[in-house]
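Residue numbers (the numbering used here), protein chains in the order written: chain A, -19 to 270; chain S, 124 to 576.
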């Protein structure tokens, strides 16, 4: 990089963005650390120490959010990356319809979460929803479930919605990674007499690792702070069965327990930082140079 | 630093500041308009503008409430008010599920209407009415409100609101046609209710409509069991409020959760109980697909609008108990409140003054058969529906208990409906559910800093 390009734009151009970022992001984040230790309402804030955190961690209707967030994160993260990779390989394999398919697989990403949620609420409907109707029709009525109503099934059902909606996004990132792999590597493998599997294991996988790592990080953050799809499909129900941290923050805030909501927000912040930074560190160490 | 660089820097800074400021003003103007994204705004265009009746300049005040709390009787009154006082309204109705959340957020951000329709009782106390709303104790109509209602829209002896509707009652709403076809008697004990359910089920109908998609409908059995709790523990509410009695220690209260789950486990409810909404429940009970529904008398409003010819098929009875001493639970009406920072408080007061007159109430009850007892002593109610009449018999016999939320300072907010769903779907044992109610009460007490907690 030459000196000229470095100083082409003045850093002063950063000021508007930086001011907004500080006012609407950095400041509230810092202030929320203090308010999470209070029982603030609209008028005053009394210092209550760690009471809010204690309430969240000891009340089973609140701490279920952490368990569910963990289930949701593991499921969506794993399957989004796996399906994203498989889809990327499919639409990169030179199919005649690959451009069309890329569009099709990416389409759910651009749909609004509310629309997706409503669509699945109807598909999952226990008595005459499409999924159960089809299952019964092909003789698999025994597998029909009250998808969003059965507490044992609901977390898997909402995870599936998010996987379906999000895998196209991972596909695009991994596809970009696939396309940046130089053809020479594959030629070298074939000259050495390697088969398809060997070229996948030896070339493709290591070379798309940076793309996969980005997916993992993005999915991780997205899953831990999940809110919209769950709010639309189940509102955290039935009862508390699909509450995640995001819906708990919303519910406590709506009920006027601002202190508890803020504390849950702080916990969410800590959780994301505690998970994402180490994960990224580990993943980036394993990346290979192009 | 050269002169040119200095000027350049100053100009950049100026531009930067302007960009930020213009963004803020952009935000400012955007929030002044009522957000139409989630809310349904309909302008009441009842033209008092003809100017014959209105002597003064017509004023438009903003009224904000939740869809379920605004009835066609209110529309009729608004029309009358526009003619009589020249005060027109711009009504904003929030969707039921998020209504209260949105109202609380609006109050928090001081984006307030001139008149707010909101809860009475514990839910009112939990939003600091003394800080939020005008004291209306000095209004001429203050003494026309019946006492039970006045208590729940006042805090520390100061009246903050005017009752927005009627005193409702709750128990079991049932389809009389189904009952007579199957030759069933109105059950008095819980066992008799179970026997009826068995017969209804055998006849291929759903005994009870459960509509847990809307959480709030799941709590009616729990709320209606309050009469039984109170008849065995007369001072229960007081003791609960002061942390001397816990729900988990009241067998009658715990039994409410047991019964909610028992009906489901025995197959006495519709299969899609987690997917149905209040609307679906009304349809089932009106058409006789379901024989019974735990519900309050407010159901007659939408029910009569959607199924006017079915209203004579429907009746009500108090929740059957083990002892057979049954009564209904009653709910005070919500209130109209004037926020302290309202733009037109005087016009709002004028509107509420007319509302409290027999004339104003008549405008309401002429198009709106009463869903319960009127909240103003001076109001007269005409003919009403069987469901309401059936429930009212219990009240007239003195067999009624005011719902817990109007007797205590603590608020269960959204926790109770969710706990009821969890108990009713078998996720929580009845004992655990009662303990969770106690935990929710403790959370509220801590927030309100009540003595004894």
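The beta carbon of each residue, even a glycine, is placed where N, CA and C say it ideally should be.
Treat the numbers as computed from the prediction; the structure is a model and nothing was measured.
is_contact[residue i, chain S] using C-beta, thresh 9 Å
i              : result
residue 225(A) : no
residue 8(A)   : no
residue 47(A)  : no
residue 189(A) : no
residue 5(A)   : no
residue 79(A)  : no
residue 15(A)  : no
residue 43(A)  : no
residue 105(A) : yes
Cβ-Cβ distance between residue i and residue j below 9 Å
i              : j              : result
residue 419(S) : residue 222(S) : no
residue 269(S) : residue 553(S) : no
residue 265(S) : residue 489(S) : no
residue 91(A)  : residue 145(A) : yes
residue 543(S) : residue 380(S) : yes
residue 60(A)  : residue 126(A) : no
residue 454(S) : residue 291(S) : yes
residue 451(S) : residue 320(S) : no
residue 288(S) : residue 440(S) : no
residue 238(A) : residue 19(A)  : yes
residue 350(S) : residue 522(S) : yes
residue 188(S) : residue 240(S) : yes
residue 152(A) : residue 266(A) : no
residue 323(S) : residue 307(S) : yes
residue 503(S) : residue 481(S) : yes
When the options are compared against residue i, the one with the closest alpha-carbon
i              : options                           : result
residue 184(S) : 361(S), 194(S) and 204(S)         : 204(S)
residue 415(S) : 357(S), 333(S), 454(S) and 376(S) : 333(S)
residue 364(S) : 131(S), 132(S) and 566(S)         : 566(S)
residue 206(S) : 483(S), 514(S) and 468(S)         : 483(S)
residue 56(A)  : 180(A), 234(A), 138(A) and 168(A) : 138(A)
residue 399(S) : 337(S), 500(S) and 385(S)         : 337(S)
residue 231(S) : 246(A), 10(A), 169(A) and 234(A)  : 234(A)
residue 249(S) : 217(S), 570(S) and 296(S)         : 570(S)
residue 395(S) : 237(S), 286(S), 331(S) and 299(S) : 331(S)
residue 181(S) : 191(S), 210(S) and 202(S)         : 210(S)
residue 549(S) : 37(A), 212(A), 88(A) and 130(A)   : 130(A)
residue 541(S) : 276(S), 335(S), 244(S) and 186(S) : 335(S)
residue 220(A) : 46(A), -9(A) and 31(A)            : 46(A)
residue 164(A) : 148(A), 29(A), 184(A) and 177(A)  : 184(A)
residue 33(A)  : 62(A), 70(A), 263(A) and 250(A)   : 250(A)
Any chain A beta carbon closer than 9 Å to residue i
i              : result
residue 562(S) : yes
residue 456(S) : no
residue 250(S) : yes
residue 408(S) : no
residue 207(S) : no
residue 396(S) : yes
residue 335(S) : yes
residue 221(S) : yes
residue 153(S) : Caution is warranted here: a pLDDT of 39 is assigned to residue 153(S), below 50, making its placement in the model unreliable, and no coordinate value can be reported.
residue 559(S) : yes
Where the beta strand (DSSP E) containing residue i begins and where it ends
i              : result
residue 289(S) : 289 to 298
residue 285(S) : 284 to 286
residue 215(S) : 210 to 217
residue 237(A) : Neither: residue 237(A) is in no beta strand (DSSP E) and is coded neither H nor E.
residue 187(S) : 182 to 189
Neighbour-count burial assignment, residue i, 16 or more Cβ in a 10 Å radius
i              : result
residue 197(S) : buried
residue 229(S) : buried
residue 2(A)   : exposed
residue 231(A) : buried
residue -6(A)  : exposed
residue 472(S) : buried
residue 428(S) : exposed
residue 248(A) : buried
residue 160(S) : Here the model assigns residue 160(S) a pLDDT of 40, short of 50, so the residue's position is not dependable, and the following value carries that caveat. Its Cβ having fewer than 16 others within 10 Å, residue 160(S) is exposed.
residue 177(A) : exposed
residue 5(A)   : exposed
residue 100(A) : buried
residue 333(A) : In the structure displayed, chain A extends from -19 to 270; residue 333(A) sits before or after that span and is not available.
residue 77(A)  : exposed
residue 223(A) : buried
Span of the alpha helix (DSSP H) around residue i
i              : result
residue 511(S) : 509 to 519
residue 349(S) : 349 to 355
residue 380(S) : 374 to 388
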